[in-house]
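Chemist:
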Amino acid sequence: MIKVYIGLGSNLDDPQSQLKKAIIAMEMVPSTSVAKTSSFYRSKPVGPQDQPNYVNAVVELDTELSASVLLDYLQAIENDQGRERKVKWGARTLDLDILLFGDEIINDDRLQIPHVEMQNRGFVLLPLNEIFPDCIIPGVGSVSSLLQQDNADDLIKLT
């Protein structure tokens, strides 16, 4: 089994409910189980500010799937929950990002792992640190040290 960390985000149609439904849907992915779930956090949007605040979390999965097959399942979950890809950094019902996939480094047309912006986003680092405090992002450093540099003070813990 490979340990995988998924970033979840939503700011439309009852965001906390969207995240809960996504976590249940991830349990249904073949050869995959949800091992840990962080608390939910409210965060300000990245990009256009004329949209609702987000609810974010991180989930640890155990999977036997490849990264690209897992991505297919995650995108199907997003689509099932009404995800529309119209505006970069626009409002969305659900965003599921593969942050880390074991210790693999992947850089192709569909995937960049570790996720290219995760080290700059407190709404990823804080929930990731909650469920994986010893996390080292390959080529970047420890999540705990990145959190000391990042201002995650604007996050509000919801659950």
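Numbering (the numbering used here), first residue to last: -9 to 149.
For glycine and all other residues, C-beta sits at the position ideal for the given N, C-alpha and C.
Taking the DSSP output, what are the residues bridged to Phe91?
Modeler: Answer is Val(-6), bridged to Phe91.
Chemist: For Tyr31 versus Leu118, is the C-beta distance shorter than 8 Å?
Modeler: no
Chemist: Enumerate in chain order the residues of its own chain whose CB-to-CB distance from Pro128 is below 7 Å, with the five nearest sequence positions on each side excluded.
Modeler: Asp93, Ile95 and Pro104
Chemist: Which residue marks the beginning of the alpha helix (DSSP H) containing Asp70, and which one marks its end?
Modeler: Start and end: Ala57 to Asp70.
Chemist: Have a look at Asn43, Ser56 and Leu115 and flag the residue whose alpha-carbon is nearest the alpha-carbon of Phe91.
Modeler: Minimum Cα distance to Phe91 is reached at Ser56.
Chemist: How big is the Cα-Cα spacing for Ala142 and Asp85?
Modeler: Straight-line Cα distance between these residues: approximately 20 Å.
Chemist: Buried or exposed, going by whether 16 or more other CB atoms sit within 10 Å of the CB of Glu17?
Modeler: When all chains shown are included, Glu17 counts as exposed.
Chemist: Let me make sure I understand the geometry here. Which of Asn69, Leu61, Val114 and Lys10 has the alpha-carbon closest to that of Val36?
Modeler: Val114
Chemist: Would a C-beta distance cut-off of 8 Å place Ser169 and Leu137 closer than the cut-off?
Modeler: Outside the displayed range of the chain (-9 to 149) lies residue 169, so it cannot be described from this structure.
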